[in-house]
Amino acid sequence: MAGIALVAGSVATAIFMLSQLPMLVKAGRTKDLASYSPLNIVLSNVGNVIYTIYVFNLPPGPIWAMHVFYLTATGLMLFWYLRHRTGRSHGMPSSTVTRSSNRIEAKDLSSG
Numbered sequence: 125m126a127g128i129a130l131v132a133g134s135v136a137t138a139i140f141m142l143s144q145l146p147m148l149v150k151a152g153r154t155k156d157l158a159s160y161s162p163l164n165i166v167l168s169n170v171g172n173v174i175y176t177i178y179v180f181n182l183p184p185g186p187i188w189a190m191h192v193f194y195l196t197a198t199g200l201m202l203f204w205y206l207r208h209r210t211g212r213s214h215g216m217p218s219s220t221v222t223r224s225s226n227r228i229e230a231k232d233l234s235s236g
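Residue numbering for the sequence shown follows our numbering, beginning at 125 and increasing consecutively.
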């Protein structure tokens, strides 16, 4: 029975980890975290750090791998959020502001 539980835990861990990869790749590639709640990012990190006390008192297994992955993922999201939030203007990502400015300039050029 313990073998089945270990396989189930390993498969579930792999699925949970794979489900997070598209979000991490997109956030890392675009640097646009405007759609993410800063409170959620901070609380996820705080919760994961506290949960670490519990997880690392369990025998090593799939839960350790999943937890280390989540610690890394939420830590990356917090790092990227703090690093790239300085490019915002009025709560909008800098790329949106730039694109809006380009449209305004294009309108001005075509009218004259």
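Glycine included, C-beta positions come from ideal geometry on N, C-alpha and C.
These numbers come from a predicted model, not from an experiment.
Check: Is it true that the CB of A151 sits closer than 8 Å to the CB of M201?; Outcome: yes
Check: Expressed to the nearest angstrom, what Euclidean distance is found between the alpha-carbon atoms of S134 and A197?; Outcome: 18 Å
Check: Say the cut is 7 Å; is the CB of I139 nearer than that to a heavy atom of the ligand HEM?; Outcome: Only the bare structure without any ligand can be found here, which leaves the ligand HEM out of the picture.
Check: Compare the Cα-Cα distances from L195 to each of T176, Y205, L182 and report the closest residue.; Outcome: T176
Check: In this structure, how does DSSP classify N169 when only helix, strand and coil are distinguished?; Outcome: helix
Check: Please state whether the Cβ-Cβ distance between M190 and M141 is less than 8 Å.; Outcome: yes
Check: Is the Cβ-Cβ distance between K155 and W204 less than 8 Å?; Outcome: yes
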